[in-house]
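Colleague: Below you will find the structure I want to go over with you.
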Amino acid sequence: MLWPLDRKPIPASQIPFYNLHYLCACGRPADPTMLWGTDVPAEQLTAYVRERNRGGTTLISVAHVLVQAVGRALKDHPEFNRRIVGRRIYAFREVNVRMMAYNRSDGEVDVMLIRGADTLSLERIARGMWKIQHRAAAGGIPDQEDKHWLRRRFPGPLLGWVLRAYLYLDSRFNLPKAGRIDRAGCSPVVVNYLAFSGSPPMRVYKPSKYPHESTSLGVTLGRVERVPVVRESGVEVGQVAPLYVRADHRIVSAYQLAQFTSTLRRFLMEPAQMEAGEAAATGGEAADAA
Numbered sequence: 411m412l413w414p415l416d417r418k419p420i421p422a423s424q425i426p427f428y429n430l431h432y433l434c435a436c437g438r439p440a441d442p443t444m445l446w447g448t449d450v451p452a453e454q455l456t457a458y459v460r461e462r463n464r465g466g467t468t469l470i471s472v473a474h475v476l477v478q479a480v481g482r483a484l485k486d487h488p489e490f491n492r493r494i495v496g497r498r499i500y501a502f503r504e505v506n507v508r509m510m511a512y513n514r515s516d517g518e519v520d521v522m523l524i525r526g527a528d529t530l531s532l533e534r535i536a537r538g539m540w541k542i543q544h545r546a547a548a549g550g551i552p553d554q555e556d557k558h559w560l561r562r563r564f565p566g567p568l569l570g571w572v573l574r575a576y577l578y579l580d581s582r583f584n585l586p587k588a589g590r591i592d593r594a595g596c597s598p599v600v601v602n603y604l605a606f607s608g609s610p611p612m613r614v615y616k617p618s619k620y621p622h623e624s625t626s627l628g629v630t631l632g633r634v635e636r637v638p639v640v641r642e643s644g645v646e647v648g649q650v651a652p653l654y655v656r657a658d659h660r661i662v663s664a665y666q667l668a669q670f671t672s673t674l675r676r677f678l679m680e681p682a683q684m685e686a687g688e689a690a691a692t693g694g695e696a697a698d699a700a
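All you need for my numbering is the position in the sequence shown, starting with 1, plus 410.
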């Protein structure tokens with residue numbers, strides 16, 4: 411007789427915190443999500459980032475432009491700024507965006523919550539996100555403190571039961587969000603910019619559905635690549651970035667998903683239009699660690 415697995419499971423203390431959410435809360439394999447993949451011509455995007463960095467005081471990256479574009483697209487398509495509670499659909503009061511960042515120091519994923527992303531200027535978004543990332547590198551953001559506190563307070567398998575109970579209640583009742591732990595439920599979207607050092611070219615990407623009903627939308631942008639493109643003058647070498655948008659069919663239709671993706675793609679192709687005629691938002695921090 412062969413036992414292919416180890417006698418004991420991997421301890422919960424060795425599993426990244428957000429992986430525990432998937433492990434403890436995923437239900438039967440019913441998937442109401444839709445995925446739309448497309449390409450974004452990135453010449454204007456990369457040129458815009460270079461120009462902003464040439465004369466600005468805050469370092470701008472494509473990730474910051476992506477967050478701004480998602481915020482503006484949610485403003486133009488408010489039907490995506492919603493979540494499911496039980497079998498009812500509720501609209502969010504604000505347009506907030508969650509950005510995922512991998513923390514190399516502890517191997518965990520840090521979640522940044524950008525509040526009011528539909529009105530913030532690009533520089534304010536970048537400044538707020540850099541502040542959180544610098545604090546994360548030093549181990550001093552609330553997200554990390556909360557995860558460590560939960561692991562100490564609920565050791566071993568107990569943490570899985572707590573997460574399952576919390577996600578069960580939150581998915582069935584319209585509850586207020588109290589404290590830092592709940593702030594991850596204040597946005598319908600998770601944004602990923604997968605252009606880290608060493609990342610391979612992206613041809614196909616299937617974003618997972620985070621087991622929290624507040625997350626009905628996912629936006630993923632891959633790294634900019636130089637590929638052959640067909641233009642009026644013929645075949646040329648151009649810059650293209652893959653874009654994937656995942657939405658919940660219980661909230662929007664495929665037609666609405668196409669419209670949202672088209673708007674987001676247009677903002678990324680012409681990022682300067684998001685700043686045109688808009689004054690920088692004032693007051694408060696642009697980003698918080700969820």
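C-beta: ideal position from N, C-alpha, C; glycine also.
Compare the Cα-Cα distances from residue 647 to each of 653, 654 and 638 and report the closest residue.
Modeller: Counted from its first residue, the sequence shown places residue 647 at position 237. Taking only the C-alpha atoms, the option nearest residue 647 is 638.
Colleague: Would residue 459 and residue 472 be called neighbours here (beta carbons separated by less than 8 Å)?
Modeller: Along the sequence shown, read from residue 1 onward, the residue named residue 459 stands at position 49. Along the sequence shown, read from residue 1 onward, the residue named residue 472 stands at position 62. The answer is yes: Cβ separation under 8 Å.
Colleague: Consult DSSP for residue 462 and reduce its assignment to one of helix, strand or coil.
Modeller: Along the sequence shown, read from residue 1 onward, the residue named residue 462 stands at position 52. Correct three-state label for residue 462: helix.
Colleague: Can you list, in chain order, the residues of its chain whose CB lies under 8 Å from that of residue 544, leaving out five sequence neighbours each side?
Modeller: For the purposes of this step, residue 544 is taken as residue 134 along the sequence shown, with counting starting at 1. The answer is none, since no qualifying residue turns up.
Colleague: So the candidates are 682, 675, 683 and 523; which of them puts its Cα closest to the Cα of residue 451?
Modeller: Numbered from 1 along the sequence shown, position 41 holds the residue referred to as residue 451. Among 682, 675, 683 and 523, the Cα nearest to that of residue 451 belongs to 675.
Colleague: Sort 657, 603, 612 and 465 by Cα distance to residue 627 and report the nearest one.
Modeller: Counting from 1 along the sequence shown, the entry for residue 627 is found at position 217. Nearest of 657, 603, 612 and 465 to residue 627, Cα basis: 657.
Colleague: So, helix, strand or coil for residue 610, using DSSP?
Modeller: The residue labelled residue 610 in the question sits at position 200 within the sequence shown. Of the three classes helix, strand and coil, the one that applies to residue 610 here is coil, per DSSP.
Colleague: Across the region 521 to 536 and the region 477 to 491, are there enough close Cβ pairs to call them in contact, namely three or more that are closer than 8 Å?
Modeller: yes
Colleague: Within 10 Å of its beta-carbon, does residue 681 have 16 or more other beta-carbons around it, so buried, or fewer, so exposed?
Modeller: Here the question's residue 681 lines up with position 271 in the sequence shown. Answer is buried; the Cβ neighbour count reaches 16.
Colleague: Taking only the alpha-carbon atoms, compute the straight-line gap between residue 607 and residue 469 and give it to the nearest angstrom.
Modeller: If you number the sequence shown from 1, residue 607 lands on position 197. If you number the sequence shown from 1, residue 469 lands on position 59. Going from the Cα of residue 607 to the Cα of residue 469 covers about 18 Å.
Colleague: Start and end of the alpha helix (DSSP H) containing residue 476?
Modeller: As a working note, residue 476 is residue 66 in the sequence shown. 472 to 486 is the extent of the alpha helix (DSSP H) around residue 476.
Colleague: Please report the distance separating the alpha-carbon of residue 683 from that of residue 455.
Modeller: By 1-based counting over the sequence shown, the position of residue 683 is 273. By 1-based counting over the sequence shown, the position of residue 455 is 45. Taking the straight line joining both Cα atoms gives about 11 Å.
Colleague: With a threshold of 8 Å between beta carbons, is residue 444 in contact with chain C?
Modeller: Protein chain content of the structure displayed is limited to a single chain, and chain C is not contained in it.
Colleague: Can you check DSSP and say which residues form a bridge with residue 649?
Modeller: Here residue 649 is taken as the residue at index 239 of the sequence shown, counted from 1. Residue 649 pairs with 636.
Colleague: Between which two residues does the beta strand (DSSP E) holding residue 665 run?
Modeller: The residue given as residue 665 occupies position 255 in the sequence shown. Here residue 665 belongs to no beta strand (DSSP E); instead the alpha helix (DSSP H) covers 664 to 679.
Colleague: Could you tell me which of 421, 535 and 426 sits nearest to residue 518, measuring between CA atoms?
Modeller: Sequence index remark: in the sequence shown, residue 518 carries index 108 (1-based). Per the Cα distances, 426.
Colleague: Which two residues bound the contiguous alpha helix (DSSP H) that contains residue 511?
Modeller: On the sequence shown, position 101 is the one that residue 511 refers to. Per DSSP, residue 511 belongs to no alpha helix (DSSP H); it is in the beta strand (DSSP E), 507 to 513.
Colleague: Grouping DSSP H, G and I as helix and E and B as strand, with all else coil, what is residue 448?
Modeller: Taking the first residue of the sequence shown as position 1, residue 448 is located at position 38. It is a strand residue.
Colleague: What are the partner residues of residue 600, as DSSP defines its beta bridges?
Modeller: Taking the first residue of the sequence shown as 1, we reach residue 600 at position 190. Note: residue 600 sits in a beta bridge opposite 508 and 628.
Colleague: Which residues does DSSP list as the beta-bridge partners of residue 615?
Modeller: In the sequence shown, residue 615 corresponds to position 205, counting from 1. Beta-bridge pairing links residue 615 to no other residue.
Colleague: Give me the DSSP bridge partner(s) of residue 715.
Modeller: One cannot answer for residue 715 here, as it falls past the ends of the chain, which runs 411 to 700.
Colleague: Just confirm the distance between the C-beta atoms of residue 612 and residue 595, as a whole number of angstroms; I'd bet it's less than 8 Å.
Modeller: For the purposes of this step, residue 612 is taken as the residue at position 202 of the sequence shown. For the purposes of this step, residue 595 is taken as the residue at position 185 of the sequence shown. Incorrect: roughly 28 Å between the Cβ atoms, too far for contact.
Colleague: DSSP state of residue 467, grouped into three classes?
Modeller: For this step, residue 467 is matched to residue 57 along the sequence shown. Coil, per DSSP.
Colleague: To the nearest angstrom, how far is the alpha carbon of residue 576 from that of residue 564?
Modeller: Counted from its first residue, the sequence shown places residue 576 at position 166. Counted from its first residue, the sequence shown places residue 564 at position 154. About 13 Å.
Colleague: Among 488, 546, 644 and 561, which one has its Cα closest to the Cα of residue 521?
Modeller: On the sequence shown, position 111 is the one that residue 521 refers to. Taking only the C-alpha atoms, the option nearest residue 521 is 546.
Colleague: Which first and last residues belong to the alpha helix (DSSP H) in which residue 537 is found?
Modeller: Start at 1 with the first residue of the sequence shown, and residue 537 comes out as number 127. Run containing residue 537: 532 to 547, per the alpha helix (DSSP H) assignment.
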